[in-house]
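If you count the sequence shown from 1, position 473 lands on 472 in numbering that gives the first Met the number 0, and the numbers rise without skipping. Every residue, glycine too, gets a C-beta built ideally from N, C-alpha and C. Nothing here was measured: the structure is a model prediction, and the numbers come from that model.
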Amino acid sequence: MKRLITSTVGGQPAAATGNRVASLNPSRLDDVVAEVALADADTFAAACRSARRAQKAWADVPAPVRGRVVANLGRLVEANFEALSALVTREVGKTLTEARGEVQEIVDTCDFFLGEGRRLYGQTVPSEMPDKQLFTFRVPVGVAAIVTAGNFPVAVPSWYLVPALLCGNAVVWKPAEYAAACAEAFAELIRRAGVPKGVFEVVYSDGPNTYAGLEAGLREGLIDKIGFTGSSEVGARIGELAGRHLQSACLELGGKNPMVITEDADLDLAVHGALFAGFGTAGQRCTSLGTLIVHDSVLDEFTRRLEDAVQSAVVGDPADPSVLYGPLMSERFAERYDGFLDWIEDHHRVSGSSGTGRITADNPRAGFVGDPAAGLFYHPVLVHGVRPEDKIFQQETFGPMVGVTRYSTLEEAIELADAPGYGLSAAIYTTDPRKAFEFRRGTRAGMVSINNSTSGAEAHLPFGGNGRSGNGSRQSGVWVLDQFTRWQSMNWDYSGRLQRAQMDTLTI
Ligand code: UN1
Numbered sequence: 000m001k002r003l004i005t006s007t008v009g010g011q012p013a014a015a016t017g018n019r020v021a022s023l024n025p026s027r028l029d030d031v032v033a034e035v036a037l038a039d040a041d042t043f044a045a046a047c048r049s050a051r052r053a054q055k056a057w058a059d060v061p062a063p064v065r066g067r068v069v070a071n072l073g074r075l076v077e078a079n080f081e082a083l084s085a086l087v088t089r090e091v092g093k094t095l096t097e098a099r100g101e102v103q104e105i106v107d108t109c110d111f112f113l114g115e116g117r118r119l120y121g122q123t124v125p126s127e128m129p130d131k132q133l134f135t136f137r138v139p140v141g142v143a144a145i146v147t148a149g150n151f152p153v154a155v156p157s158w159y160l161v162p163a164l165l166c167g168n169a170v171v172w173k174p175a176e177y178a179a180a181c182a183e184a185f186a187e188l189i190r191r192a193g194v195p196k197g198v199f200e201v202v203y204s205d206g207p208n209t210y211a212g213l214e215a216g217l218r219e220g221l222i223d224k225i226g227f228t229g230s231s232e233v234g235a236r237i238g239e240l241a242g243r244h245l246q247s248a249c250l251e252l253g254g255k256n257p258m259v260i261t262e263d264a265d266l267d268l269a270v271h272g273a274l275f276a277g278f279g280t281a282g283q284r285c286t287s288l289g290t291l292i293v294h295d296s297v298l299d300e301f302t303r304r305l306e307d308a309v310q311s312a313v314v315g316d317p318a319d320p321s322v323l324y325g326p327l328m329s330e331r332f333a334e335r336y337d338g339f340l341d342w343i344e345d346h347h348r349v350s351g352s353s354g355t356g357r358i359t360a361d362n363p364r365a366g367f368v369g370d371p372a373a374g375l376f377y378h379p380v381l382v383h384g385v386r387p388e389d390k391i392f393q394q395e396t397f398g399p400m401v402g403v404t405r406y407s408t409l410e411e412a413i414e415l416a417d418a419p420g421y422g423l424s425a426a427i428y429t430t431d432p433r434k435a436f437e438f439r440r441g442t443r444a445g446m447v448s449i450n451n452s453t454s455g456a457e458a459h460l461p462f463g464g465n466g467r468s469g470n471g472s473r474q475s476g477v478w479v480l481d482q483f484t485r486w487q488s489m490n491w492d493y494s495g496r497l498q499r500a501q502m503d504t505l506t507i
C-alpha cells in the first residue's frame with residue numbers, strides 16, 4: 000500500500016497543496032507505507048471552523064445514541080483487528096503481540112464508553128430554601144483539538160477521541176505523520192461507525208503549522224480544549240498557548256519511570272518486569288522503565304540475572320513472535336536516541352547484547368533485518384552506576400536503554416525515584432506490604448505498580464502524571480469525562496415567590 004493521505008475539512012479531503020512526507024516502515028526503510036500531504040495552519044483553522052459548525056447538532060443527538068456509535072466503532076475495530084494490528088507493526092515497528100494489545104485497548108475503551116452514553120450522570124442537589132431544587136449537568140466542552148504521538152498510533156488517540164465524541168464534542172485530530180496510515184485506517188473506522196461529517200476532522204501538519212493552527216483556532220475562539228500526548232517540552236508550549244487564550248489542555252507527557260528492587264524482592268519476577276518495562280516496545284512508551292533503583296544487598300545478584308536476560312533477548316523482525324522488540328519507530332526518534340548512545344559511550348560502563356557486550360559509537364545500530372542500514376534496530380543497553388546528575392538519569396531516552404543505580408534506605412529510593420522531576424509511573428518489587436504502601440505514599444507518580452511493570456496500564460484506571468509528566472489531568476475511565484465535559488448548574492424555584500440565596504435562607 001502506498002497512497003496519498005490528506006487532511007479533511009468538513010469531512011472532505013483538503014487540497015494537497017503543502018509539502019509531502021513519506022511514512023516509512025522502520026524495519027525496512029525502503030518500504031514506503033504512505034505518503035502524507037501536510038496541511039498549513041489555515042487548513043488547520045478551517046477544520047476547526049467546520050468542527051465548530053457541526054458540533055451543536057452532534058451535542059443534540061441523545062447521549063445513548065452517541066453511545067451506539069461508540070459501540071459500532073468497537074465492533075468495527077474487532078472486525079478489522081488483524082489488519083489494523085499488522086499495519087501498526089508495519090508502520091511503527093511494534094511487535095505483532097504488542098500491536099494486537101494496542102488494538103485491544105481501543106476495543107476496551109469503546110466497551111467502557113458505550114455504556115457511559117447511558118450514564119453521563121448529573122446530580123440533584125438540595126437547596127438551602129424550600130420549594131427549590133438544584134441540579135448539575137455535564138455539557139460538552141465544544142471543539143477539542145487532539146494532538147497525538149505515533150508510539151501508540153491508535154490506542155492513545157482512542158483515549159481522547161472516543162470519550163470526546165461520546166460527550167458530544169467535535170474533534171480535530173492531528174496524528175503523528177510518521178504513523179499516518181494507522182491514523183487513516185482508524186479514522187476511516189470512526190467515520191464508518193456513524194460520526195457525522197465535520198464532527199470529526201483529521202489534520203496532518205508539521206510542528207510549526209500545528210502550533211500556528213492551534214493558535215489561530217484559539218484566537219478565533221474555535222478550540223475549547225486541547226489534548227496532547229508527547230514530550231514535556233512541546234507540552235509546556237501547548238499548555239502555555241492554551242492558557243494564554245483561557246482554555247485548558249489535557250497534557251500527557253514524558254516520564255523517567257523508576258523501578259525499585261528491594262532487598263526482599265522476588266528477583267526472577269523483578270527481572271521479567273524490568274525486561275518488559277525497559278525494553279518492550281523498544282523503550283518507546285511514556286511508561287517505559289528509565290532507571291532501576293536496586294538495594295545494595297541484591298545489586299550484584301539482580302544485575303547478573305538481568306544481564307543474562309538482556310543478553311538472550313531477541314531483537315528483530317517485529318512480526319516474529321519470539322522477538323522482544325523491533326525497531327525504533329522513526330528516523331527522528333532514532334537520531335535523538337543516537338545522542339544518548341554517544342553520551343554513554345563517553346561516560347559509563349554499559350552492557351547489552353551487541354555481541355561484544357559493549358555498544359560503541361561505530362555500532363549503535365544493530366540492523367537485524369535485511370540490510371543493516373535499512374532498519375532502525377538497536378541493541379538493548381544497561382547503563383550501570385547512573386547518578387542523579389547524569390543526563391541518562393534525568394532525561395527520557397525513548398529507546399531500549401535502562402539505567403541502574405543503588406540505594407540503602409527506602410527513603411533514599413523514593414528520593415531517587417522522584418529526582419528527575421517527572422511523575423508518571425513508578426514500580427516497586429517487594430514482598431513486604433509495608434514497603435509497598437510506603438513507596439506508594441512517598442512517590443509523586445500518578446501511577447504506581449507493585450510487583451509489576453511500569454508500563455501496561457489498563458484502560459479504565461486514571462492515566463496521567465505529575466510534575467514534568469503533565470498538568471495533573473487524567474485520562475481513561477470516568478475520570479476523563481472531566482476533560483471533555485464541563486459542569487453546568489441549574490436552580491429551579493417552584494415556590495412562586497422570590498427567595499434570595501443567603502438572605503432568605505430558612506433557619507431553624
Ligand atoms: C504512552 O506511551 O503514551 O500503560 C501510553 C501503558 C500503555 C499506554 C502507554 N497502556 O504502557
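Checklist entry - Should E306 be counted as a contact of ligand 1 given a C-beta to heavy atom distance under 8 Å? => result As a first step, residue 306 is located in the sequence shown; it is residue number 307 there, counting from the start. No, ligand 1 has no heavy atom inside 8 Å of this Cβ.
Item to check | Simplified DSSP assignment, three categories, for Y176 | outcome: Here the question's residue 176 lines up with position 177 in the sequence shown. The amino acid occupying residue 176 in the given sequence is Glu; Tyr does not appear at that position. Residue state, collapsed to three classes: helix.
Next on the checklist: Quick check on this structure: which residue in T108, A169, K434 and A144 has the alpha carbon closest to the alpha carbon of I52?
Outcome noted: Your numbering for residue 52 matches position 53 in the sequence shown. The sequence as given places Arg at residue 52; Ile does not occur at that position. Checked all of T108, A169, K434 and A144; the closest Cα to R52 is A169.
Checklist entry - For the alpha helix (DSSP H) that contains V153, what are its first and last residues? => result Translated into the one-based positions of the sequence shown, residue 153 becomes position 154. Run containing V153: none; DSSP gives neither H nor E here.
Item to check | Cβ distance (whole Å) where T261 is taken to contact F339 below 8 Å | outcome: Numbered from its first residue, the sequence shown carries residue 261 at position 262. Numbered from its first residue, the sequence shown carries residue 339 at position 340. That belief does not hold up - the Cβ atoms of T261 and F339 are roughly 28 Å apart, past 8 Å.
Checklist entry - So, N450 versus L291, is the Cβ gap smaller than 9 Å? => result For this step, residue 450 is matched to residue 451 along the sequence shown. For this step, residue 291 is matched to residue 292 along the sequence shown. It is not a contact, given that the beta carbons lie outside the stated cut-off.
Checklist entry - Using DSSP with H/G/I as helix, E/B as strand and the rest coil, what is C181? => result Taking the first residue of the sequence shown as position 1, residue 181 is located at position 182. Three-state result, C181: helix.
Next on the checklist: Within a Cβ cutoff of 6 Å, which residues of the same chain sit near V233, ignoring the five residues on either side of it in sequence?
Outcome noted: Position 234 of the sequence shown, counted from the start, is the residue given in the question as residue 233. No residues qualify anywhere along the chain.
Checklist entry - Is V64 buried or exposed, if buried means 16 or more other CB atoms sit within 10 Å of its CB? => result Position 65 of the sequence shown, counting from 1, holds the residue named residue 64. Exposed.
Checklist entry - Can you tell me the Cα-Cα spacing of F199 and P156, whole angstroms? => result Counted from its first residue, the sequence shown places residue 199 at position 200. Counted from its first residue, the sequence shown places residue 156 at position 157. Spanning the two alpha carbons is a distance of roughly 13 Å.
Next on the checklist: Measuring straight from C-alpha to C-alpha, what distance separates G398 and A144?
Outcome noted: The residue given as residue 398 occupies position 399 in the sequence shown. The residue given as residue 144 occupies position 145 in the sequence shown. Approximately 28 Å, taken between the alpha carbons.
Checklist entry - Can you check whether the CB of T42 is closer than 9 Å to the CB of A21? => result Start at 1 with the first residue of the sequence shown, and residue 21 comes out as number 22. Start at 1 with the first residue of the sequence shown, and residue 42 comes out as number 43. Contact flag unset, no.
Next on the checklist: So, with DSSP's three-state summary, where would you put D361?
Outcome noted: Counted from its first residue, the sequence shown places residue 361 at position 362. Confidence is the limiting factor: at D361 the pLDDT is only 43, short of 50, which leaves the residue's position unreliable, though a coordinate-based value still follows. Note: D361 maps to coil in three-state DSSP.
Checklist entry - Going by beta carbon distance, what residues of the same chain come within less than 7 Å of R496, once the five residues before and after it are set aside? => result Here residue 496 refers to the residue found at position 497 of the sequence shown. If we look at R496 and ignore the five residues flanking it on each side, it has no Cβ neighbours.
Item to check | N- and C-terminal bounds of the alpha helix (DSSP H) containing A269 | outcome: Numbered from 1 along the sequence shown, position 270 holds the residue referred to as residue 269. First-last of the alpha helix (DSSP H) with A269: L266 to F278.
Checklist entry - Along the chain, where does the beta strand (DSSP E) that runs through R27 open and close? => result For the purposes of this step, residue 27 is identified with residue 28 of the sequence shown, where counting begins at 1. Counting along the chain, the beta strand (DSSP E) containing R27 begins and ends at R27 to A36.
Checklist entry - Which residue spans inside the segment 385-468 form an unbroken beta strand (DSSP E) run of at least 3? => result 400-406, 424-428 and 446-449
Checklist entry - Since R2 and A33 are thought to touch, with beta carbons under 8 Å apart, how far apart are those beta carbons, to the nearest angstrom? => result On the sequence shown, position 3 is the one that residue 2 refers to. On the sequence shown, position 34 is the one that residue 33 refers to. Right, their Cβ atoms sit about 6 Å apart.
Checklist entry - How is Q310 classed by DSSP in three states: helix, strand or coil? => result Position 311 of the sequence shown, counted from the first residue, corresponds to residue 310. DSSP places Q310 in helix when its eight states are reduced to three.
Checklist entry - Can you pull the DSSP bridge partners for V20? => result What you label residue 20 is simply residue 21 of the sequence shown in a count that begins at 1. Looking at the DSSP assignment, V20 forms a beta bridge with V35.
Item to check | Euclidean distance between Cα positions of A62 and A85 | outcome: To locate residue 62, count along the sequence shown from 1; it is residue 63. To locate residue 85, count along the sequence shown from 1; it is residue 86. Taking the straight line joining both Cα atoms gives about 33 Å.
Item to check | Cross-strand partners of A248 (DSSP beta bridge) | outcome: Working through the sequence shown from its first residue, we reach residue 248 at position 249. DSSP output for A248 lists I225 as bridge partner(s).
Checklist entry - What does DSSP give as the partner residues of D492 in its beta bridges? => result If you number the sequence shown from 1, residue 492 lands on position 493. Answer is K131, bridged to D492.
Item to check | Nearest to A426 (by Cα), restricted to the options V314, G254, H378 and R303 | outcome: Translated into the one-based positions of the sequence shown, residue 426 becomes position 427. The option with the nearest alpha carbon to A426 is G254.
Checklist entry - Is it a yes or a no for the segment 152-166 touching the segment 94-113, going by three-plus beta-carbon pairs under 8 Å? => result yes
Next on the checklist: So, does the segment 21-31 touch the segment 85-100, judging by three or more C-beta pairs under 8 Å?
Outcome noted: yes
Item to check | Classification of K224 by the beta-carbon crowding that lies within 10 angstroms, buried from 16 upward | outcome: Looking up residue 224 in the sequence shown gives position 225. So K224 ends up on the buried side.
Next on the checklist: Quick check: what's the CA-CA separation for I507 versus W478?
Outcome noted: The residue given as residue 507 occupies position 508 in the sequence shown. The residue given as residue 478 occupies position 479 in the sequence shown. For I507 and W478, the distance between alpha carbons rounds to 39 Å.
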